[in-house]
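K.L.:
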Amino acid sequence: MIREISMIKRDILDFRIAVRPLRRIFESLNNKAIKFFKDETDLAIYLSDLLGDYEKVWNEIDNYTDTINALENTNANLLNDKTNAIVKVFTILSFITFPAMLIATILQIDTKTNPIRDMPYDFWIIFGLVALTVLVMWLYFKTRKWL
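In this note's numbering, the protein residues as written are 1 to 147.
1) For the candidate residues I2, V134, A100, Y140, whose alpha-carbon lies nearest to that of N69?
2) Whole angstroms is fine: what's the gap from L107's alpha carbon to Y140's?
3) Pull up the distance between the alpha-carbon of N77 and that of I61, whole angstroms please.
4) Hey, out of V19, Y121, L135, T83, whose CA is closest to P99's CA?
5) Take D66 as the anchor and find which of R16, P115, T113 has the nearest alpha-carbon.
6) Looking only at its chain, what residues have a beta carbon closer than 8 Å to the beta carbon of N114, apart from the 5 residues adjacent to it on each side?
7) Return yes when the Cβ of E72 is within less than 8 Å of the Cβ of L125, no when it is not.
8) Considering only the alpha carbon of each residue, which of L79, R24, F127, L147 lies closest to T105?
9) Could you check what DSSP says for W138 in three-state terms: helix, strand or coil?
10) Would you decide whether L102 is buried or exposed? Buried here means 16 or more other CB atoms lie within 10 Å of its CB.
11) Can you tell me where the alpha helix (DSSP H) with K38 in it begins and where it stops?
12) Going by beta carbon distance, what residues of the same chain come within less than 8 Å of I96, once the five residues before and after it are set aside?
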């Protein structure tokens, strides 16, 4: 989508660059033709119509420019929303796993005063604490409707 928008913007810009200088030429032709071809009213009408057609084309180019800019802004907003959703998921994931990792790291320290050391089923106690922490964090985020 971004590539298509960029290509269309480039085409519109090229067209604007090609058409912009024609305004002065058509206005000059229209003004000079009235003075130079006094008897040729058909030519004056033709040149006046040509200037009017130029204005229509220029207005269409402006409309296309506005439209493609609006599409580009919409696309940028959609991509930004998608990126924000992904960042939100990773942030919540890190906040869910951080307390579990902290508990596991603290209980991994080999000290004499470790309350769970040398207890029967110490692995399962630590695993239960970590799982409970993850569950509490997950429920908290779920009740806040962040998940």
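Note that beta-carbon positions come from the ideal geometry of N, C-alpha and C, so glycine has one too.
All values derive from a computational prediction rather than experimental measurement.
P.N.:
This is what the structure holds:
1) For N69, the nearest C-alpha among the options comes from I2.
2) Whole-angstrom Cα-Cα distance: 24 Å.
3) For N77 and I61, the distance between alpha carbons rounds to 24 Å.
4) It is L135 whose Cα lies nearest to the Cα of P99.
5) R16 is the residue among R16, P115, T113 whose C-alpha sits nearest the C-alpha of D66.
6) L107, listed in sequence order.
7) Note on identity: in this sequence residue 125 is Ile, with Leu being the wrong assignment. The answer is no: Cβ separation not under 8 Å.
8) Its Cα nearest to that of T105, the residue F127 stands out among L79, R24, F127, L147.
9) Three-state result, W138: helix.
10) Exposed, because fewer than 16 other Cβ atoms sit within 10 Å of the Cβ of L102.
11) K38 -> no alpha helix (DSSP H), and no H or E assigned at all.
12) In its chain, beyond the 5 residues on either side, V134, M137, W138, F141 have a beta carbon closer than 8 Å to the beta carbon of I96.
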